[in-house]
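Be aware that the sequence shown starts at 178, since it is given in the numbering used here, and climbs by one per residue. Glycine is no exception: its CB is placed at the ideal position from the N, C-alpha and C atoms.
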Amino acid sequence: MAKKKKILVLNGPNLNLLGTRQPDIYGRLTLAQIEKQVRVLAKELAVDIDFRQSNSEGELVTWIQQAAKQFGAMVINPAAYTHTSLAMRDAISAVGIPTIEIHISNIHKREQFRHHSFIAEVAVGQIAGFGVESYLLGLRAAVSRC
Ligand code: DQA
Numbered sequence: 178m179a180k181k182k183k184i185l186v187l188n189g190p191n192l193n194l195l196g197t198r199q200p201d202i203y204g205r206l207t208l209a210q211i212e213k214q215v216r217v218l219a220k221e222l223a224v225d226i227d228f229r230q231s232n233s234e235g236e237l238v239t240w241i242q243q244a245a246k247q248f249g250a251m252v253i254n255p256a257a258y259t260h261t262s263l264a265m266r267d268a269i270s271a272v273g274i275p276t277i278e279i280h281i282s283n284i285h286k287r288e289q290f291r292h293h294s295f296i297a298e299v300a301v302g303q304i305a306g307f308g309v310e311s312y313l314l315g316l317r318a319a320v321s322r323c
């Protein structure tokens, strides 16, 4: 039997506040509720997922570095680090794992400083603006790449 595909789903800073954080922009689902929906889809697609969140750039970089040994693809919502983190970008290109960048909101419709992503340049592609669906579409894209 073929080995089950493993996908790492990473969430950056302040996403632990989903549910109460600017619900007009990010909706009312908590991160735990989003995780539940991602797990339901993962089961349907017969893949294993590891779903994590950190407010620390260093911890996210370490998780990306470690992913090379365990995961076939990554889905990342880097949150504000999207727009600032050369370290995350370098980690993704160093490990070379297919990475799908996702955002709940459409960053291109928002403030100018959100339009540039350091991650997009090393990602397979970007999905933005679909709320929780961004996670589900991201998972489907990751499964097709690993
Ligand atoms: C976000 C968009 C980012 O600009 C912002 O800093 C976030 C969340 C999103 O999912 O829409 O924290 O990544």
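Pull up the distance between the alpha-carbon of residue 254 and that of residue 181, whole angstroms please.
Straight-line spacing of the CA atoms in residue 254 and residue 181 works out to 23 Å.
Nearest by alpha-carbon distance to residue 201: which of 249, 308, 303, 225 is it?
Closest in alpha carbon position to residue 201, among 249, 308, 303, 225, is 308.
Cut-off 7 Å between Cβ atoms - residues of its own chain near residue 207, not counting five sequence neighbours on either side
195, 196.
Where does residue 239 fall in DSSP's three states?
In the structure shown, residue 239 sits in a helix (DSSP, three-state: H, G or I).
Bridge partners - residue 254, DSSP secondary structure assignment:
Paired residue(s): 188.
Tell me where the beta strand (DSSP E) around residue 230 begins and ends.
Looking at the DSSP string, the run of the beta strand (DSSP E) that includes residue 230 is 225-230.
Using DSSP bridges, identify the partner residues of residue 305.
Beta-bridge pairing links residue 305 to 280.
Chain D contact for residue 192 (CB, 7 Å cutoff):
As a matter of chain content, chain D is missing from the structure shown, which is built from one protein chain.
Please say whether residue 228 and residue 186 have beta carbons closer to each other than 7 Å?
Contact check for residue 186 against residue 228 passes: the beta carbons are separated by less than 7 Å.
Backbone CA spacing between residue 290 and residue 261 [nearest angstrom]:
Within the model, the alpha-carbon separation for residue 290 versus residue 261 is close to 10 Å.
Counting only the same chain and skipping the five closest in sequence on each side, list residues whose C-beta sits under 8 Å from that of residue 286.
The residues are 306.
Can you tell me the Cα-Cα spacing of residue 189 and residue 231, whole angstroms?
Using only the alpha carbons, I get a separation of about 5 Å.
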